[in-house]
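Using the working numbering, the final residue of the sequence shown is 160, and nothing's skipped along the way.
Yeah, the Cβ is synthetic: ideal placement off N, Cα and C, and Gly gets one too.
Being a predicted model, the structure only gives us computed values, none of them experimental.
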Amino acid sequence: MLGFLSARQAGLDDPLRFRRAESTRRVFALELNKDRDVERIHGSGVNTLDIEPVEGRYMLSGGSDGVIVLYDLENSSRQPCYTCKAVCSVGRNHPDVHKYSVETVQWYPHDTGMFTSSSFDKTLKVWDTNTLQVTDKKYCQFPGHHVMNISWQLQVLTVE
1 MLGFLSARQA
11 GLDDPLRFRR
21 AESTRRVFAL
31 ELNKDRDVER
41 IHGSGVNTLD
51 IEPVEGRYML
61 SGGSDGVIVL
71 YDLENSSRQP
81 CYTCKAVCSV
91 GRNHPDVHKY
101 SVETVQWYPH
111 DTGMFTSSSF
121 DKTLKVWDTN
131 TLQVTDKKYC
141 QFPGHHVMNI
151 SWQLQVLTVE
């Protein structure tokens, strides 16, 4: 680290090199929290996570099995070590489940009552969190494409 700083200070190294080295160091220093876990619901890998921005209490996960799970992150037991419980899930037997791997889940930024999901089945679905149903059943289909990113700008949904 000091070598990077010295080289940068002397003008021998590009500023981006120091930034990349520090970013890499931070990534390799990441560790899982030993005191907190989440209930295992997905039958295979998890592709996407999103924590709701209003309270920071609920987390969505989308898996390669097509399942979406909603977790409550609050530690109501007040124990130092605890497992976050799944509140509900859109399982394989749900009528609106994605056919293929879920690639994105994202909360509506102003209210926990709605979230979106997209999948390799080329659909984008807007969900009512309270009923766990797709709103209006008129979800978007993108033939020949899959949705890489979802963003909410001024309460308008944009898809990239």
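beta-carbon Gly56 near the ligand MN non-hydrogen atom, thresh 8 angstroms
With respect to the ligand MN, the structure offers nothing, as it holds no ligand at all.
Please state if the CB of Ser89 and the CB of Val69 are separated by a distance shorter than 9 angstroms.
The count along the sequence shown starts at 1 and reaches residue 69 at position 69. The count along the sequence shown starts at 1 and reaches residue 89 at position 89. In this structure, Ser89 lies closer than 9 angstroms to Val69 by Cβ.
Classify Ile51 as buried or exposed, calling it buried when 16 or more other Cβ atoms lie within 10 Å of its own Cβ.
By one-based count along the sequence shown, residue 51 stands at place 51. Exposed, because fewer than 16 other Cβ atoms sit within 10 Å of the Cβ of Ile51.
Count the other C-beta atoms from every protein chain shown that fall within 10 angstroms of the C-beta of Asp65, then say buried if there are 16 or more, exposed otherwise.
Working through the sequence shown from its first residue, we reach residue 65 at position 65. With 16 or more Cβ atoms within 10 Å of its Cβ, Asp65 is classed as buried.
Does the segment 31–50 come into contact with the segment 5–20, if we say contact requires no fewer than three beta-carbon pairs (one atom in each stretch) closer than 8 angstroms?
As far as the Cβ criterion goes, the segment 31–50 does not touch the segment 5–20, which means the pair count is below three.
Give the secondary structure of Leu60 by DSSP, where H, G and I count as helix, E and B as strand, and everything else as coil.
As a first step, residue 60 is located in the sequence shown; it is residue number 60 there, counting from the start. Reduced to three states, the DSSP call for Leu60 is strand.
Is Glu22 helix, strand or coil by DSSP?
As a first step, residue 22 is located in the sequence shown; it is residue number 22 there, counting from the start. Here Glu22 sits in helix by DSSP.
Quick one: Cα of Leu2 to Cα of His98, how far?
As a working note, residue 2 is residue 2 in the sequence shown. As a working note, residue 98 is residue 98 in the sequence shown. Between Leu2 and His98, the C-alpha separation is close to 50 angstroms.
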